[in-house]
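Heads up, the thing below is written out as structure tokens.
The structure is reproduced here in structure tokens:
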């Protein structure tokens with residue numbers, strides 16, 4: 005059968021799915037933030053943050069389709085700016101979570117507004133250098149010139165990545181919400197918020213090491 009009959013190389017689908025699933029299951033900023041947020045404030049708050057994360061990921065996907073993410077590979081200072089901005093944002097969210105835990109000790113903690121949750125999820129993913137590196141280094145390896153437009157292939161594969169991320173992030177939120185319900189969310193909220201703060205700080209330190217450019 006002619007390659008023209010396939011929008012992407014069918015032999016690349018399974019390896020791509022495995023790669024994407026493994027990447028999304030790797031502990032990182034999104035996983036820690038979504039799990040702790042859902043545990044502290046419930047599934048609705050968590051799913052609103054998932055929507056923001058998905059929006060940020062979609063921006064990277066569309067940027068890759070049009071070749072814009074390549075600038076991170078060509079201009080190292082720009083990548084470093086993204087990297088350290090992401091670290092700073094994670095540390096800010098860690099401080100905010102710790103402050104919220106302190107306030108919750110003396111009063112009922114309020115769930116952040118939906119727009120705030122959406123915005124934080126989106127910004128966290130836009131400042132996540134792992135997302136940029138995925139579209140700069142990994143995605144191009146699955147695009148084959150023999151199968152038509154590279155732009156179309158990038159759009160299809162990028163959309164698959166976004167859909168898988170929605171499923172995995174949604175499962176994380178629902179699982180964390182269920183676990184918190186079993187543990188009595190109201191009594192545990194202070195410790196959950198502090199756990200979120202510590203987790204985000206640890207992830208920020210880990211990101212400094214993991215996303216450094218070697219060589």
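Residue numbers (our numbering): 5 to 219.
Quick reminder that beta carbons are idealized off the backbone N, C-alpha and C, glycines included.
Notebook entry, point to check: From what residue to what residue does the alpha helix (DSSP H) around residue 147 run?
Noted result: No alpha helix (DSSP H) holds residue 147; DSSP gives it neither H nor E.
Next item on the list: Taking the CB atoms as reference points, tell me whether residue 120 and residue 73 lie closer together than 8 Å.
Entry: Against a cut-off of 8 Å, the Cβ pair of residue 73 and residue 120 comes out as no contact.
Item checked: residue 161: first and last residue of the uninterrupted alpha helix (DSSP H) it sits in -> 154-186
Next item on the list: Measure how close the beta-carbons of residue 154 and residue 147 come, nearest whole angstrom, since I'm counting them as under 8 Å.
Entry: Contact between residue 154 and residue 147 holds: CB atoms are separated by about 5 Å, below the 8 Å threshold.
Checklist line | Simplified DSSP state of residue 73, which is helix, strand or coil | finding: coil
Check: How many angstroms separate the CA atom of residue 122 from the CA atom of residue 70?
Finding: 25 Å
Checklist line | Span separating the alpha-carbon of residue 225 from that of residue 64 | finding: Beyond the ends of the chain as shown, which are 5 and 219, falls residue 225; an answer cannot be given.
Item checked: Residues near residue 168 by beta carbon distance below 8 Å, same chain, minus five either side -> 21, 24, 25, 28
Check: Do you know how far the Cα of residue 211 is from the Cα of residue 221?
Finding: Outside the shown range of the chain (5 to 219) lies residue 221, about which nothing can therefore be said.
Note to self: Does the contact criterion of 3 or more C-beta pairs under 8 Å hold for the stretch 48-58 versus the stretch 125-132?
What the structure shows: Of all C-beta pairs linking the stretch 48-58 to the stretch 125-132, three or more are shorter than 8 Å, placing the two stretches in contact.
Margin query: Taking a contact to mean a Cβ-Cβ separation below 8 Å, would you say residue 86 touches residue 76 in this structure?
Written below: yes
Next item on the list: Indicate whether the contact test is met: 3 or more Cβ pairs, each with one atom in the stretch 170-181 and one in the stretch 93-106, closer than 8 Å.
Entry: no
Notebook entry, point to check: At which residues does the alpha helix (DSSP H) containing residue 119 begin and terminate?
Noted result: 118-130
Check: If residue 177 sits next to residue 42, beta carbons under 8 Å apart, how far is it from one beta carbon to the other, in whole angstroms?
Finding: 4 Å
Checklist line | CB of residue 160 within 8 Å of CB of residue 19, strictly | finding: At the C-beta level, residue 160 and residue 19 stay beyond 8 Å of one another.
Note to self: Among 186, 156, 45, 82, whose alpha-carbon lies nearest the alpha-carbon of residue 118?
What the structure shows: 45
Notebook entry, point to check: If you run the structure through DSSP and keep just helix, strand and coil, what is residue 216?
Noted result: coil
Notebook entry, point to check: Considering residue 22, what are the terminal residues of the alpha helix (DSSP H) in which it resides?
Noted result: 17-29
Item checked: Three-state secondary structure (DSSP) of residue 10 -> coil
Next item on the list: Specify, as a first and last residue, the run of the alpha helix (DSSP H) that residue 151 falls within.
Entry: It is not in any alpha helix (DSSP H) - residue 151 carries neither H nor E in the DSSP assignment.
Next item on the list: Starting from residue 37, trace the alpha helix (DSSP H) both ways and give me its first and last residue.
Entry: Taken as a continuous stretch (DSSP letters only), the alpha helix (DSSP H) holding residue 37 covers 33-45.
Note to self: Please report the distance separating the alpha-carbon of residue 152 from that of residue 52.
What the structure shows: 37 Å
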